[in-house]
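Peer 1: Quick note: the sequence shown uses numbering that gives the first Met the number 0, first residue 0, plus one each step. What follows is a single structure, and I will ask about it in a moment.
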Amino acid sequence: MDIASIIGFVGGVGVLGFLIYDGGGVERYWSSHAAIVIFGGAVTATLIRFEMGAFLSSFPTAFKTCFGFGGKHSNPRDLIAEIAEMAAIVRKSGPVGLDKATPHDKFLAQGVRYVADGFDEAFIRETLERERDLNLHRLEMAAKVFRGIGDCAPAFGMIGTLIGMVQMFAEMSDPSKLGTFMAIALLATLYGAAVANFFFLPIADKITIKFGHEELNQTLVIDGVLSLRQGKSPAVVKEMLLAYLPEKHRAELVEAAA
């Protein structure tokens with residue numbers, strides 16, 4: 000699970016909850032009219048931007064990304080070390096020796112299975128690259144959907160504020176209604192800013208970060224699997240894949256191997 004996301008959400012809810020409680024309770028900060036304007040407006044505007052399939056699929060993608068239920072995030076250093084170990088197996092026993100290999104990364108396991116089954120290099124490259132590209136496309140679309148909602152929410156908050164102001168000025172003759180309409184106007188702005196900056200935009204950023212991790216890791220795996228198929232030595236495989244690591248981590252991996 001992604002501890003940072005959990006701490007962020009729980010902490011954010013706790014802070015907002017305390018401020019609302021200290022400021023007079025939930026009833027004072029609740030307006031169904033403002034909520035309808037923000038959530039209804041932001042969602043419908045996003046549906047105009049994107050296809051229904053992309054919109055619906057973005058939510059499970061975001062859930063897996065933020066809470067880590069899609070599997071543990073692979074570390075490039077661990078991937079390189081694991082691929083180098085399998086390169087030693089291939090040098091000793093041939094590709095068939097990988098039949099009993101159990102990589103922790105699902106994408107690596109898929110590639111290793113192709114090598115063990117004797118698929119040719121072109122098939123392995125095309126299949127894994129297609130799998131990577133489709134995975135990255137799903138992440139990219141999910142990030143765009145959440146960023147789209149996050150961009151729309153403050154705008155609809157301003158629209159809700161303007162609607163509340165219009166209603167307030169229309170009822171200037173009845174002072175008893177002015178407070179209600181002013182509250183709606185201010186709460187619309189509050190809702191729009193809160194849901195955008197506390198929920199949708201952070202999730203979009205988290206998905207974008209995962210996009211970068213997945214692109215790096217899966218490209219590394221593709222190069223590593225192709226090296227296994229070509230029967231390269233463990234030293235050559237490790238040296239080639241070290242390019243995916245920062246200088247500091249390269250030295251650490253070399254020292255660990257020594």
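Glycine included, each C-beta is placed from N, C-alpha and C at the ideal position.
Mark Gly159 as exposed unless 16 or more other C-beta atoms lie within 10 angstroms of its C-beta, in which case mark it buried.
Peer 2: buried
Peer 1: For Asp77 and Ile206, I'd like the C-alpha separation in whole angstroms.
Peer 2: 22 Å
Peer 1: Taking C-beta to C-beta, are Phe66 and Ile5 nearer than 9 Å?
Peer 2: yes
Peer 1: For Tyr20, does the count of other Cβ atoms within 10 angstroms reach 16, so buried, or fall short, so exposed?
Peer 2: exposed
Peer 1: Where do the N-terminal and C-terminal ends of the alpha helix (DSSP H) with Met140 fall, by residue?
Peer 2: 120 to 169
Peer 1: Tell me whether Ala100 sits in a helix, a strand or coil according to DSSP, three-state version.
Peer 2: coil
Peer 1: Can you list, in chain order, the residues of its chain with a C-beta nearer than 6 Å to that of Gln289? Leave out the 5 residues immediately preceding and following it.
Peer 2: A query on residue 289 cannot be resolved here, the shown segment of the chain reaching from 0 to 257 and no further.
Peer 1: Of the choices Thr60, Ile88, Leu133, Ile82, whose alpha-carbon is the least far from that of Gly110?
Peer 2: Just measuring C-alpha positions, the residue of Thr60, Ile88, Leu133, Ile82 sitting nearest Gly110 is Ile82.
Peer 1: Which of the three DSSP states, helix, strand or coil, is assigned to Glu26?
Peer 2: helix
Peer 1: Can you tell me whether Met171 is buried or exposed, with buried defined as 16 or more other CB within 10 angstroms of its CB?
Peer 2: exposed
Peer 1: In chain order, what residues of the same chain lie with their CB nearer than 7 Å to the CB of Met85, ignoring the 5 residues before and after it?
Peer 2: These residues qualify, in order along the chain: Leu97, Ala100, Val111, Leu227.
Peer 1: Could you name the residues of the same chain whose beta carbon sits closer than 7 Å to that of Ala44, not counting the 5 residues immediately before and after it, in chain order?
Peer 2: Cys151
Peer 1: Taking the alpha-carbon of Val224 as reference, which of His32, Ala195, His248, Asp119 has the nearest alpha-carbon?
Peer 2: Asp119
Peer 1: Is Leu231 helix, strand or coil when you go by DSSP?
Peer 2: According to the sequence provided, residue 231 is Lys. The question's Leu does not apply to it. Three-state result, Lys231: coil.
Peer 1: Are the beta-carbon atoms belonging to Ile79 and Leu240 less than 9 Å from one another?
Peer 2: yes
Peer 1: Identify which residue in Tyr243, Asp222, Gln229 has its Cα closest to the Cα of His212.
Peer 2: Tyr243
Peer 1: Count the CB pairs spanning the segment 178 to 189 and the segment 24 to 38 that are closer than 8 Å, and state whether there are at least three.
Peer 2: yes
Peer 1: Please return the same chain residues whose Cβ sits closer than 6 Å to the Cβ of Val36, not counting the five positions on each side in sequence.
Peer 2: Phe155, Gly159, Ala187
Peer 1: By Cβ distance below 7 Å, which residues in the same chain neighbour Ala182 in space, the five residues on each side in sequence not counted?
Peer 2: Cβ contact annotation for Ala182 (same chain, cutoff 7 Å, sequence separation greater than five): Ser30, in chain order.
Peer 1: For Ala208 and Thr179, what's the separation of their Cα atoms in angstroms?
Peer 2: Note that residue 208 is Ile in the sequence shown, not Ala. So the two alpha carbons sit approximately 42 Å from each other.
Peer 1: With a threshold of 7 Å on Cβ separation, who are the neighbours of Arg146 within its own chain once the five nearest residues in sequence on each side are excluded?
Peer 2: Leu200, Ala203
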